[in-house]
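According to this note's numbering, the sequence shown holds residues 38 to 476 in order.
Take a look at the structure set out below.
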Amino acid sequence: MSNPNSGTIAHQVSGSLLSDANTRLEKALRYVTIGEDAIERLRAPKASLTVSIPVRMDDGSLRVFQGYRVRYDDSRGPTKGGIRFHPGVTLDEVESLAFWMTFKCAVLNLPFGGAKGGVTVNPKELSKFELESLSRGYIDAIADFIGPDVDIPAPDVYTNAMIMGWMMDQYSTIRRQITPGVVTGKPITMGGSLGRETATAMGAFFSIQTLMPKLDRKPSETTVAVQGFGNAGAVLAELLYRAGYKVVAVSDSQGGVYAAQGLDIPSVRQIKDATRGIKAVYCRGSVCSQIDHEVITNGQLLELDVDILIPAALENQITAENADRIQARYIFEVANGPITSAADAILESKGIQVFPDILVNAGGVTVSYFEWVQNRSGLYWSLEEVNRRLNEKMTEETERIWVTAKELSCSMRTAAYVHALDRLGQALRTRGTREDYRS
Ligand code: NAD
């Protein structure tokens, strides 16, 4: 099917991560007709806000930080997206990330549009008091721009549950009513959802489990390497280990370990928690004497001959430079943007199948949606209920994207974008098109 709409919906993007996302969208546009009105609507954000946030520092001085909140598109519901505190934050970056969130929410069929926020700051240089003042000041500045029916922030780079708690508290003070549904990723005691912390790993696990029979693979005969042993990677490694996969390698920023016969992941997690590192500490204690292992670099981990490779650390890990040396059969992207679009083409030519971030790591935003639903209904779910619903959602969307990829003979990545574009196109079309107004 060709797209009759020439031109691009691509918003001006800054970093390579976002320009890669755009390249992928352009590819998907070849398969889906979303209509010229929809393209026109998606060309620019619905609203962008720039604010100045004054903060009284511990030494008595006053500093003013720049903050942003962008609501890209709300045709599928209130907008949703994280807030990052980082020295590199710019309006252009926030607009681009909000554009990307619009697609991520559509892939999982969440009733949300896309948004993003940020403050240009190095939070590591702030004291706890200064960080709290900044978080509350940011909400003071954007309070009229957000709300549980309008725009719902969440954590992102260098923001966490405690910061979300302060933000919810500040918004509630301004509105003079407790409003837990204005922010997700909150501490449990402030209306957070059970299962939010493990949601990204759990979602990826459900997606992998859905695909294994389609790929004709059994966990016990499947070797796995995981790059990044943090919140997402370590939990996923353990879920896979407990389901019978042979996790042969894991790594963190310091390096990794490899054992051909499989690693004992719960022990690696224990050691990592106790020593803050993986490298060369795997074999302290009793497990050590039983399992031969090698210390490897992150570069070596990526190039291992394994069935499944899981980048779960940073963006741009597999590029045109190393793609040709990748030996894994399947790659599940848990990190955002770990593979560049140039590397995508090389992997495809080698027959390596990639399962995209926009689907695989969407468990986090899905449980954020569950948190918002629980806040609004006042009825809180058990962990089993959260995971049951997450499983249902991840399985359903993974199945749909698998079918789309088969029907269109395209990659799972292109199929995911096709899926999102189709849903966005429908939402925009129902508001009327040129044809409706001409007839
Ligand atoms: P995290 O900070 O908890 O963990 C990151 C891990 O990567 C750490 O173990 C760190 O040591 C390791 N790391 C850093 N640099 C590395 C390198 N060069 N090589 C190998 N490992 C390295 O972060 P996280 O929350 O687990 O997020 C990981 C990735 O998943 C990010 O790309 C993030 O955007 C993405 N993601 C996370 C969530 C979530 O809910 N946590 C949701 C969606 C996407």
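For each residue, glycine too, the CB sits at the ideal point set by N, CA and C.
Under the DSSP assignment, E331 falls in the beta strand (DSSP E) whose first and last residues are 331-333.
For D289, the three-state secondary structure derived from DSSP is strand. The beta carbon of I389 sits closer than 8 Å to the beta carbons of I363, A365, R366, Y367, I368 from its chain, once the five residues preceding and following it are set aside; these are given in chain order. A direct Cα-Cα distance of roughly 22 Å separates R61 from I245. Non-local beta-carbon contacts of T334 in its own chain, meaning distances under 6 Å to residues more than five positions away in sequence, involve G292 in chain order. Relative to G155, the option among G174, L145, T139 whose CA is nearest is G174. In this structure, DSSP gives P192 an extended state, which the three-state scheme calls strand.
The shortest CA-to-CA distance from T247 to any of E434, T470, T467 is the one to E434. Under the rule that a run must span 4 or more residues, the alpha helix (DSSP H) segments found entirely inside the region 57-104 read 73-78. About 11 Å separates the Cβ atoms of A372 and V263, ruling out a contact at the 8 Å cut-off. With a cut-off of 7 Å, the C-beta of L351 is classified as near the ligand NAD, since at least one heavy atom of the ligand falls inside that distance. Non-local C-beta neighbours of F140 in its own chain, meaning closer than 6 Å and more than five positions away in sequence, comprise A457, ordered along the chain. Rounded to the nearest whole angstrom, the C-alpha separation of F149 and V187 is 10 Å. For the pair A442 and A357, the Cα-to-Cα distance works out to about 24 Å. Rounded to the nearest angstrom, the Cβ distance from L338 to A297 is 14 Å, too far for a contact under 8 Å. Note that the C-beta distance between L341 and Y295 is below 8 Å.
Between the ligand NAD and S446, a heavy atom-to-CB distance of less than 7 Å is absent. Every alpha helix (DSSP H) of 4 residues or more that sits fully in the region 224-271 is shown, in chain order, as 236-251. No heavy atom of the ligand NAD is found nearer than 7 Å to the CB of V410. Contact annotation: V261 and Y282 have beta-carbon atoms nearer than 8 Å. Collapsing the DSSP output to three states places L351 in coil.
By the neighbour-count criterion, in which 16 or more other beta carbons inside 10 Å mark a residue as buried, E429 falls on the exposed side.
In the three-state reduction of the DSSP assignment, L461 falls in the helix class, which pools H, G and I. V158 has its alpha-carbon roughly 13 Å from the corresponding atom of E169. Bounds of the beta strand (DSSP E) holding Y367 are 367-369. Every beta strand (DSSP E) of 3 residues or more that sits fully in the region 381-432 is shown, in chain order, as 390-392.
Per DSSP, the continuous beta strand (DSSP E) segment holding V156 begins and ends at 150-157.
For K141, no beta strand (DSSP E) segment is defined; the enclosing uninterrupted segment is the alpha helix (DSSP H) at 128-144.
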